[in-house]
Amino acid sequence: MAQSPANGLIGGVVVLGNAVLINVTEMRVGEQEIHCLVQGKRKQNLKWKPPKFPFYKLNTDSAHNNSKSGIGDLIRNANAEWVIGFATSITAESPTTAETYALMQGLQLALDRNLLPLEVEVDSRDSLRLLTSTKDIPNNLISDCRYLLDRLGKPIVMHAYREQNGVADKLAKEGCNFELQSMVHIFDDSPVLARSLFEREKSVVQEPVLDNDWPNSSVTIL
Numbered sequence: 001m002a003q004s005p006a007n008g009l010i011g012g013v014v015v016l017g018n019a020v021l022i023n024v025t026e027m028r029v030g031e032q033e034i035h036c037l038v039q040g041k042r043k044q045n046l047k048w049k050p051p052k053f054p055f056y057k058l059n060t061d062s063a064h065n066n067s068k069s070g071i072g073d074l075i076r077n078a079n080a081e082w083v084i085g086f087a088t089s090i091t092a093e094s095p096t097t098a099e100t101y102a103l104m105q106g107l108q109l110a111l112d113r114n115l116l117p118l119e120v121e122v123d124s125r126d127s128l129r130l131l132t133s134t135k136d137i138p139n140n141l142i143s144d145c146r147y148l149l150d151r152l153g154k155p156i157v158m159h160a161y162r163e164q165n166g167v168a169d170k171l172a173k174e175g176c177n178f179e180l181q182s183m184v185h186i187f188d189d190s191p192v193l194a195r196s197l198f199e200r201e202k203s204v205v206q207e208p209v210l211d212n213d214w215p216n217s218s219v220t221i222l
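Mapped onto UniProt numbering, the consecutive letters of the sequence shown carry residue numbers 1 to 222.
Listed below in structure tokens is the structure:
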């Protein structure tokens, strides 16, 4: 809380904020005037969540090493099982371009494998902002992504924090190790470089379902 006290007949001013959601830092207080820095709090215990049955979920990411970028995506099902993933290296003029290229490649992979219905998570707010903008953006990658989204039934594209996108991040970093213009490396199962994290995420997201949501052990988890 930040406050400016009353002065004679002039009432005071108080800034109230939900301490659970934001931090309010008092910068300067004057007569009937309060300057504060308001910052949203980062959510705690962030983790990847599986989609609801019968959806698939696509996670995309990019990584950067000097002049080379790597991209990596994976698609999982409602059981948090690995369906398919890939990694490759590209040249990109900016991190946002690399992130958008990763999204395009992931959408194309989902379309080619008919992995529908689909949910999508990206950790680039800039790519998401461009993708959802109502303005006419002269960007071929964004146009390609919008076209593929239409072909896929216009799935929801959501933002994911870094902690929720760890497996895709590992794939993207592996992409940086490949030669430029090399073939796209397809993974039909979780590769060794990401297996530990993948299995940990899989076990964590399934535990609440087994322990709480479905007390009858004979029920099939979807």
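All C-beta atoms in this analysis are idealised placements derived from N, C-alpha and C, irrespective of residue type, glycine included. Remember, predicted model here, so these are calculated numbers, not experimental data.
Worksheet item: Should I137 and Y101 be called a contact, given that it needs their Cβ atoms to be closer than 8 Å?
Response: no
Practice prompt. Could you tell me how far apart the beta carbons of L131 and V157 are, in whole angstroms, since I believe they sit closer than 8 Å?
Written response: That belief holds up - the Cβ atoms of L131 and V157 are roughly 6 Å apart, short of 8 Å.
Item to complete: If I'm right that K202 touches A80 with Cβ under 8 Å, what's the distance once you round it to whole angstroms?
Response: 4 Å
Discussion item. Which runs of the alpha helix (DSSP H) at least 4 residues long sit entirely within the region 166 to 206? Give them in chain order.
Written reply: You should have 166 to 175.
Fill in: Which listed residue (W48, C145 and R200) has its alpha carbon closest to that of E99
C145
Practice prompt. Report the partner residues of E121 according to the DSSP bridge assignment.
Written response: N59 and M158
Item to complete: Please classify G153: does DSSP put it in a helix, a strand, or coil?
Response: coil
Item to complete: Check the C-beta distance from A87 over to H185 and give it rounded, since I have them as a contact under 8 Å.
Response: 5 Å
Discussion item. Quick check: does the Cβ of A102 come within less than 7 Å of any heavy atom belonging to the ligand COA?
Written reply: Only the bare structure without any ligand can be found here, which leaves the ligand COA out of the picture.
Worksheet item: Short check: CB of L58 to CB of L148, under 8 Å?
Response: At a Cβ-Cβ threshold of 8 Å, L58 and L148 do not count as neighbours.
Worksheet entry | Minimum C-alpha distance to L116 - residue among M104, S127, R76 and A92 | R76
Item to complete: Return helix, strand or coil for N45, following the three-state DSSP convention.
Response: coil
Discussion item. Please return the same chain residues whose Cβ sits closer than 6 Å to the Cβ of D126, not counting the five positions on each side in sequence.
Written reply: T96
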